Each structure stands twice: as structure tokens, then as C-alpha cells.
Ligand SMILES: Cc1cc2nc3c(=O)[nH]c(=O)nc-3n(C[C@H](O)[C@H](O)[C@H](O)COP(=O)(O)OP(=O)(O)OC[C@H]3O[C@@H](n4cnc5c(N)ncnc54)[C@H](O)[C@@H]3O)c2cc1C
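In my numbering, the protein residues as written are 134 to 545.
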């Protein structure tokens, strides 16, 4: 399939922006990605990449490169507050691959970003502009006019088929171009830290993920063996003034009960004060697009990370939007169809993330009912309960054209 001479501008070289660039380049589009940072962002921490996202990345030809940076945990041990043994171990590993046709892995966000970046660099039809100082977009009947202030102070103006904001939770495309809402503070913050491989060796298994549930907070821990690290994230409720104060807390401030949980305690002792701090903001907007301007990833739908699906949704967005942008007669109709296909799914994922937030952070005695449900569902309960999530595949959708089979090398 030819690119139809279509040029698409994308703001943001994050997971959403680079996945979309790759998906579009496979269809032969000319893609210009504008990123305000001077290079691909090394920020972030571990990400769980579930089969619904991994399947798409594999189809983009990234399977081998991802295997080099990813780890496949055998399961997820869940410990309610104070439990000596896991309440259950949710099976991952081969069970996920057999059931959903793609693996459930963990990797560092920076490694995923590098894999995407290297793949983008192999396409002559993807132009990545870093250090961009600003941009303006004007939508008109047959596309957009874009002006970009480049890193060297020069300005480039162009007409394009569409402009897509993949510029993250505080997206300028959403607030300034589409006049959409600001992000909202979710009432929770995340602390993240990468510990040395051996820091938790006596406490937690090295072949799987551990989840600790506490009253108003939880922790997720998994190994990143290629980096010789253990990724730790703690999520807790925090009042807005504390979350956005000039001096945010240096380490998780957890309200201890009279009976401290030894695992949480040991985790905090092992980690010290070197945590990264993230107030978690969310985006709820009805406007995923207007005319030839659209949104993908966190810019469109940042959500709380309790189902670990933010990046996965960004990757799904790209898989759905790219073929529509390349085959619909105009960008406005492509973006309208994209929004129609995405909204129900995003709503479903947002709901499950929010209900997990309630369940993970329950206090006694409500934990009793929660724990008995989890016990009853057993180690494979999540496969059935979340089949709609992990089994999702945009490709069989008869409404979507299939990507042509091309390798990126063919475009170098
Ligand atoms: C604690 C925590 C844990 C998480 N765990 C998971 C997980 O396990 N699995 C999962 O799938 N998701 C997870 N997520 C969510 C995931 O990190 C995000 O959803 C995902 O990274 C969003 O990618 P994005 O490309 O949309 O945005 P971003 O990664 O924010 O990228 C946006 C890009 O746009 C650039 N940009 C911004 N403004 C401009 C501008 N004006 N001009 C040009 N460029 C601009 C930025 O520099 C950046 O490079 C987690 C989130 C948190 C907070």
C-alpha cells in the first residue's frame, strides 16, 4: 500500500508517539515526530506490558528486540497486609502465551523507548526532531498547517494530512489546540525506585512479581534481570497540597497500623531515601479529536496505573489509528472512527483500573470479603476475568484495514 502522499505530524516521542510513527511508516506514510526533549526520555521505571500490547509490538517487528530487554515473570504473588504467605499466585509465563498468543513481560520504560526509537530510525520516512521549542497547528478543511520552532531556532512550516498529540498527560495539543480539559490529580502518588538485584533477595522471589496490598497503599515489585535491578513501585493516597508541595516527601509516607507488615517495612528499609516521586494525574476528555487533529496515549486518556494499562492503551491507540489515517478519505473521518472504536474500550479499562484501586487499598474488615473472592478465583481466575482485556486484538476488526507486510529495513 502506498503512503498516498500523506504526511502526519506527531507531537511527542514517548511510547504512544513512536508506536504510532512506526505503525504509520509501515503503511508508507511520511511521519514527522516533534519532541521537546533533546533526546528520547530515559525517565520512568518498570512497565508491565500485557499480551494485548505485546501482540501489537510483535506485529511491528519488535519481538526479538523486546526479548533482549524484557523479563517474563512466572506469576504474581499477592500478599494482603500482614499475610505470611501469598493469598494467591496469579499465573503468567507460558499460560499467558498459550491463552492470548503473546507474552506478559516486564521491562524498563527507557528500554522500550529505545527499542521503539531504534526501529523508527530504520525508516527513512520517519523524521524525528528533538529539542523542539514549540509548535502551532491550524486545522483547515483539507488537513492542517503546522509550524515548528526547531532546536536551532529555525522555524519550519508545512501542510500535513493530520496532527496527532502524543504529548503526554499535560498535552498542549489537548489543552491549547483542542481546548480540552487540564489533567486532574487522582489523589494518589507513586514512589518508584530501582534496587540492586540482591537487595530483596532474601525477602521476595526473583522469578516473579510480588504485589503487597495495604490499607490505603500497595507495592509492586519485579525483577529486571537485564539491568541487574529490582523495580519497586509504591502507590499511596496523598492530599493534593502534599503531592504538589515544593518539598514532596522523599520516601513513601505510609500510615502504619498497630501491626506493621514486615514486608512493607523491609522494603522501605532496603530502599532508603532515593525514591522518584510521581503525583498521578488522569485525563478524562470526550474530545479525542477535532477536524484533522487528534490525541493518543496519556494525552487522550491518562489513567490510574492499578491495572498497568496506560502504555498498553497508547500502543492499542496507535494500532487502530494508523490504518484509519492511511485509508479514510480525510483525517477528520479517520479520527472520528478512531474515537468511536476507542471510547468504549478505554472506558472499560478505566473502570477496572479504578475498581482495582479500591480493592488493593481496602482496610480491615472489608479485606475479608475481598480476599475470599480472590482465593475462590484461584491462580487462573484472572485469565477468565480479564480475557476481554488481554485477548483484545484490533487486527481482526473487519472495520480496520490490515497493515502491509513490510520490514523496517526495507525503508532504510
Ligand atoms: C506509577 C506508574 C506505573 C505505571 N505502570 C504501567 C505499566 O506497568 N504498564 C503500562 O502499560 N502502563 C503503565 N503506566 C502508564 C504509562 O507509563 C503511561 O501511560 C505511558 O508511558 C504514556 O505514554 P505516552 O507516550 O502517552 O506519554 P509520555 O510517556 O508522557 O510521552 C509524552 C512525550 O511527549 C513529549 N512532550 C510533552 N509535551 C510536548 C510538547 N509540547 N512538544 C513536544 N513534545 C512534548 C514528552 O517529552 C514525552 O517524550 C504507569 C504509570 C505510572 C505513573
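All C-beta atoms, glycine included, are put in the ideal place defined by N, C-alpha and C. Just so it is clear, the structure is predicted and the values come from calculations on it, not from any experiment.
Length of the line joining the Cα atoms of residue i and residue j
i: residue 277; j: residue 196; result: 35 angstroms
i: residue 307; j: residue 455; result: 19 angstroms
i: residue 468; j: residue 283; result: 27 angstroms
i: residue 541; j: residue 258; result: Interpretation of residue 541 is limited by its pLDDT of 44, a score under 50 that renders its predicted location unreliable; no figure is taken from the coordinates.
i: residue 543; j: residue 527; result: Annotation note: pLDDT 36 at residue 543 (below 50); position unreliable, coordinate value reported separately. Answer to the nearest angstrom: the Cα atoms are 25 angstroms apart.
i: residue 470; j: residue 170; result: 31 angstroms
i: residue 209; j: residue 253; result: 33 angstroms
i: residue 401; j: residue 358; result: 21 angstroms
i: residue 500; j: residue 150; result: 40 angstroms
i: residue 341; j: residue 215; result: 20 angstroms
i: residue 322; j: residue 376; result: 7 angstroms
i: residue 548; j: residue 296; result: Residue 548 lies beyond the stretch modelled for the chain, which goes from 134 to 545, so this question has no answer here.
i: residue 388; j: residue 509; result: 30 angstroms
i: residue 103; j: residue 425; result: Since the first residue shown for the chain is 134 and the last is 545, residue 103 is missing from the structure and cannot be characterised.
i: residue 355; j: residue 511; result: 21 angstroms
i: residue 434; j: residue 330; result: 34 angstroms
i: residue 137; j: residue 339; result: 50 angstroms
i: residue 381; j: residue 292; result: 44 angstroms
Pair within 7 angstroms by beta-carbon distance, residue i and residue j
i: residue 233; j: residue 524; result: yes
i: residue 304; j: residue 298; result: yes
i: residue 474; j: residue 453; result: yes
i: residue 451; j: residue 243; result: no
i: residue 201; j: residue 238; result: no
i: residue 167; j: residue 281; result: yes
i: residue 486; j: residue 440; result: yes
i: residue 188; j: residue 144; result: no
i: residue 327; j: residue 350; result: no
i: residue 294; j: residue 464; result: yes
i: residue 520; j: residue 414; result: no
i: residue 270; j: residue 302; result: no
i: residue 313; j: residue 418; result: yes
Reduced DSSP secondary structure (H/G/I, E/B, other) of residue i
i: residue 159; result: helix
i: residue 241; result: strand
i: residue 628; result: In the structure as shown, the chain begins at 134 and stops at 545. Residue 628 is therefore absent and cannot be evaluated.
i: residue 280; result: strand
i: residue 298; result: strand
i: residue 476; result: helix
i: residue 289; result: strand
i: residue 201; result: helix
i: residue 342; result: strand
i: residue 150; result: helix
i: residue 210; result: strand
i: residue 236; result: coil
i: residue 356; result: strand
i: residue 410; result: strand
i: residue 494; result: coil
i: residue 323; result: strand
i: residue 250; result: helix
Ligand 1 heavy atom lying under 6 angstroms from the CB of residue i
i: residue 298; result: no
i: residue 244; result: no
i: residue 438; result: yes
i: residue 449; result: no
i: residue 454; result: no
i: residue 366; result: yes
i: residue 323; result: yes
i: residue 431; result: yes
i: residue 481; result: no
i: residue 411; result: yes
i: residue 501; result: no
i: residue 266; result: no
i: residue 180; result: yes
i: residue 175; result: no
i: residue 291; result: no
i: residue 205; result: no
i: residue 148; result: yes
Neighbour-count burial assignment, residue i, 16 or more Cβ in a 10 Å radius
i: residue 488; result: exposed
i: residue 179; result: buried
i: residue 159; result: buried
i: residue 495; result: buried
i: residue 506; result: exposed
i: residue 481; result: exposed
i: residue 141; result: buried
i: residue 346; result: buried
i: residue 363; result: buried
i: residue 266; result: exposed
i: residue 394; result: buried
i: residue 560; result: Since the displayed the chain opens at 134 and closes at 545, residue 560 lies outside it and no answer follows.
i: residue 286; result: exposed
i: residue 545; result: Note that residue 545 has pLDDT 31, beneath the 50 cutoff, so the model's placement of it is unreliable and no number is given.
i: residue 241; result: buried
Interface flag, residue i vs chain B, CB-CB below 7 angstroms
i: residue 259; result: The structure shown contains no chain B, having only a single protein chain.
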